[in-house]
Structure formats: structure tokens, C-alpha cells
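One structure is given here, and the rest of the page talks about it.
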Amino acid sequence: MAKIVGTNGNDVLKGTSGNDQLSGQAGNDTLVGVDLKNPNSPQKDQLIGGSGADVFVLGDETQSYYNLQNWSNIVSDS
Numbered sequence: 162m163a164k165i166v167g168t169n170g171n172d173v174l175k176g177t178s179g180n181d182q183l184s185g186q187a188g189n190d191t192l193v194g195v196d197l198k199n200p201n202s203p204q205k206d207q208l209i210g211g212s213g214a215d216v217f218v219l220g221d222e223t224q225s226y227y228n229l230q231n232w233s234n235i236v237s238d239s
């Protein structure tokens, strides 16, 4: 699993085509867990915003990047 960690500033974090853990830390961050060049690769990502007003990019105008296939998928704001 790739671990990608931001700074205390406003970051844009982009994941890989594999499983990623993105951690925005402080600041107003944008987290994109999927590799936009290969959005259909099977993967499980963990996006952690941290403090600040963060944006999680889970799709675009053409498709959703994540498919909740069962109830073990969790989306939370904690």
C-alpha cells in the first residue's frame, strides 16, 4: 500500500493504480485516491482528510471511481 502524506498547507494528493493511503494533514486538501490514467484498476484506498475543509474526489463527469459492492465499505467523517 502506497502511503502519501500531505503537509500543513493546502495539498492535492493523487494516488496510484494500486491500493493507497492518502493523508491530507492540516489545510484544505484535495484527495484523489485513484490513478486518473487508469481509473478502472481494482484497488482499495483509504482517504484521511485531517483538519481543514477537505475534498475527496470519488468520480468525475463520466464515471464513479469507486463501486460499493458490499456493506463492508465505509465512508465516515470522524
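Following our numbering, the numbering of the sequence shown begins with 162 at its first residue and continues without gaps. No residue lacks a Cβ here, since even glycine has one placed at the ideal position from N, Cα and C.
> Can you tell me whether V161 is buried or exposed, with buried defined as 16 or more other CB within 10 angstroms of its CB?
Replying inline: The structure shown does not extend to residue 161, since the chain spans only 162 to 239, so no value can be given for it.
>> Check this for me: beta carbons of G194 and D181, under 8 Å apart or not?
In response: Numbered from 1 along the sequence shown, position 33 holds the residue referred to as residue 194. Numbered from 1 along the sequence shown, position 20 holds the residue referred to as residue 181. Pairing G194 with D181 gives a Cβ-Cβ distance under 8 Å.
> Quick one: Cα of D158 to Cα of G170, how far?
Replying inline: With the chain covering only 162 through 239, there is no way to say anything about residue 158.
> When we look at the beta-carbon of L208 and count the other beta-carbons within 10 Å, is it buried (16 or more) or exposed?
Replying inline: Numbered from 1 along the sequence shown, position 47 holds the residue referred to as residue 208. When all chains shown are included, L208 counts as buried.
> Just checking my contact of N199 with S178 at CB under 8 Å: how many whole Å lie between their CB atoms?
Replying inline: To locate residue 199, count along the sequence shown from 1; it is residue 38. To locate residue 178, count along the sequence shown from 1; it is residue 17. With 8 Å as the limit, N199 and S178 qualify as a contact, their Cβ atoms being about 5 Å apart.
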